[in-house]
Amino acid sequence: MSKSRLRFAPSPTGSPHIGNIRTAVFDYLYARHTGGTFILRVEDTDRTRYVEGSLEEMMKGLRWIEMQWDEGPEVDGGYGPYFQSERLEIYHKYAQQLVDEGKAYYCYCTRERLEEMRKAQEAAKLPTGYDRRCRELSADEREACAAENPHPVIRFAMKREGRTEFDDIVRGRVGFDNALQDDFVMIKADGFPTYHFASIVDDHLMQITHVVRGEEWLSSAPKHIQLYEAFGWEAPLWVHLPLILDTTGKKLSKRSGVSTSFYDYILQGYLPDAMLNFLATMGWSSGEDRKLYSREELIEKFTLEGIVNHPAIFDLAKLNDLNGEYIRMTPVEELAKMILPRLQEAGYVSQSPSDEEMRYLIEITTLNRDRMVTLGDAPDLVSFFYADDFVYEEKGVKKHLAKETTPAILKSVIEKLASVETWDTESIDAAVREGGLAVGVEGGRVIHPVRMAITGRTWGPGLFDLMQVIGKDRCIARLHRAEEFSSREISMS
Ligand code: GLU
């Protein structure tokens, strides 16, 4: 059996959509699973929708999620060029072949005529589509038309009767009535091919074995099947992926309340492997009841038969949960390096951190990683480890700092802490409790005001652990600051 060859064929029309990346994930996993080839092909034939920079973003995104293509831009594989805009001669040659064989034809109809035709069809409540006026032109008529419109398009002559049927790996046998099909444009007036034509020619020439694409292309498949038949080429296997819906059951879109831009997830600090895991299981199942798959496991287990035949749900809660798990599975030194740029940007860590700064960062990372959903959470979560002049959380001020008893409690705790010699968690724990007992309070009544004093918040990692990391002098200074603040609050109330 020949090796599998799968292409991911994005159009550079904007920032990569999460649904497109899901398609790429399936291409990649199946290619890796079968020891085949993963190809990146750039479908840049629609000049009106071209967006500068979007291909670069796509390539960066694919590399970020560690799905390096084996052939495509920057990686020659012998089937190039991999940009459709550089293959125009090839399309013209094959289009001409179909014209010569009577399977395609020049269409001279002007935009105005097509527009009128469409309006008339709509008014008569008929299905819209090209009325095939140019399909049966005599040589003379054609010459007259060409004189009037020197930039004809080339249309494919679709069958008018019967059905076009094919097997889809996900859906089984699928069929469409030919009477409802349109003589679609293969080559546009500007000389560029349409997606329908270019992708078939390329899939054939690039020896693509499996076409994996979104369900929205299913209804175009009859065009593609008939093109294969017209050329006498063997069609690849078809794999139409399930739609992606949001958690309310609507098609995932900007209105879904979650971003559809792949880049947003990168920027927010999702991890590549978590994202891969999430996207791979959005429409595919190994049949086991599990949520975590390493890259290697996905490659090993991924089969086309596991693609589900019902819509997939984009569940942000699931992604967050997964990402948290991946964060906790990441060795702490590595995680510290991952959040470093974000802390540098926040101004917490210097541009070339000293060993001391890195050691501190690792300790902080250890204490905070359980609470991190994305790397983007880090600057806020750890801010008080760096900044001493934080603002006290309002809720905590009311509950813990604006209380009559607080200044005395803090003062007492300061005294006990000042005499701690070995600044470790046990000694801090003991000193804080003793400080409370000395003024007649224990448990939460001492812990909460101290936590507010040290962190400005009512929540966070274990208090004694974080105090140990922040250090004795800074903790005592913060307790003084809170004591003064507390006295002021009380005197003002
Ligand atoms: N350029 C098409 C798209 O971006 C590719 C569809 C296909 O994979 O055939 O949707």
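Our numbering applies: residue 1 is where the sequence shown begins, and numbers increase by one.
Yeah, the Cβ is synthetic: ideal placement off N, Cα and C, and Gly gets one too.
Here the structure is a predicted model, which is why all the values come from computation and not from measurement.
Of the residues 441, 434, 411, 421, the one whose Cα lies closest to the Cα of residue 453 is 411.
Taking 7 Å as the cut-off, the C-beta of residue 259 does not count as close to any heavy atom of the ligand GLU. Shortest gap from the CB of residue 10 to any heavy atom of the ligand GLU: under 7 Å. Cβ neighbours of residue 227 within its own chain (closer than 6 Å, five residues either side excluded): 200. Under the three-state reduction of DSSP output, residue 449 falls in the helix class. The secondary-structure analysis by DSSP pairs residue 106 across a beta bridge with 154. Using a 10 angstroms sphere on the CB of residue 51, the tally of other CB atoms stays under 16, which defines it as exposed.
Note on residue 119: under 16 other CB atoms within 10 angstroms of its CB, so exposed under the neighbour-count rule. Apart from sequence neighbours up to five positions away, the residues of its chain that approach residue 130 with a beta-carbon distance below 6 Å are 182, 183, ordered along the chain.
For residue 193, the secondary structure class from DSSP, reduced to helix, strand or coil, is strand. Under the DSSP assignment, residue 38 falls in the beta strand (DSSP E) whose first and last residues are 37-40. Here the segment 243-258 lies against the segment 10-28, with 3 or more beta-carbon pairs under 8 Å apart.
Looking at the DSSP output, residue 251 sits in a beta bridge with 245.
Looking at the backbone, the Cα of residue 110 and that of residue 145 are separated by about 10 Å. A direct Cα-to-Cα measurement between residue 379 and residue 308 gives close to 39 Å.
Residue 136 and residue 98 have their C-alpha atoms spaced approximately 15 Å apart.
If you check the CB distance, residue 84 and residue 203 do not come in under 8 Å. Counting along the chain, the unbroken alpha helix (DSSP H) around residue 474 starts and ends at 472-492. Membership of residue 67 in any beta strand (DSSP E) is not indicated, and neither H nor E is assigned to it by DSSP. When secondary structure is reduced to three states using DSSP, residue 314 falls in the coil class, being assigned neither helix nor strand. Within 7 Å of the C-beta of residue 309 there is not a single heavy atom belonging to the ligand GLU. DSSP, reduced to helix, strand and coil, places residue 338 within a helical segment of the structure shown. Fully contained in the segment 283-333 are the following alpha helix (DSSP H) runs of length 4 or more, in chain order: 295-301, 316-329.
Annotated three-state conformation of residue 53 is coil, per DSSP. Relative to the ligand GLU, the beta carbon of residue 211 is positioned inside 7 Å of a heavy atom. Here residue 206 carries a coil assignment [DSSP, helix/strand/coil]. When Cβ pairs closer than 8 Å are counted between the two stretches, the segment 22-29 is seen to touch the segment 296-316, the count reaching three or more. Per DSSP, residue 372 is not a residue of any beta strand (DSSP E), being assigned neither H nor E. Exclusion of the five residues before and after residue 431 leaves 416, 417, 420 as the residues of its chain whose Cβ lies within less than 6 Å of its Cβ. The beta-carbon separation of residue 168 and residue 240, rounded to 5 Å, stays under the 8 Å limit for a contact.
Per DSSP, residue 116 lies in no beta strand (DSSP E); the unbroken alpha helix (DSSP H) holding it starts and ends at 111-123. Taking the Cβ of residue 286 as the reference point, every heavy atom of the ligand GLU lies at 7 Å or farther away. If one requires a minimum length of 4 residues, the alpha helix (DSSP H) runs lying completely within the segment 404-442 are 406-418, 425-438, in chain order. Within the segment 126-191, the runs of beta strand (DSSP E) that reach at least 3 residues and sit entirely inside it are, in chain order, 153-156, 163-168, 172-177, 185-187. Contact annotation: the segment 433-440 touches the segment 396-413, with at least three C-beta pairs closer than 8 Å.
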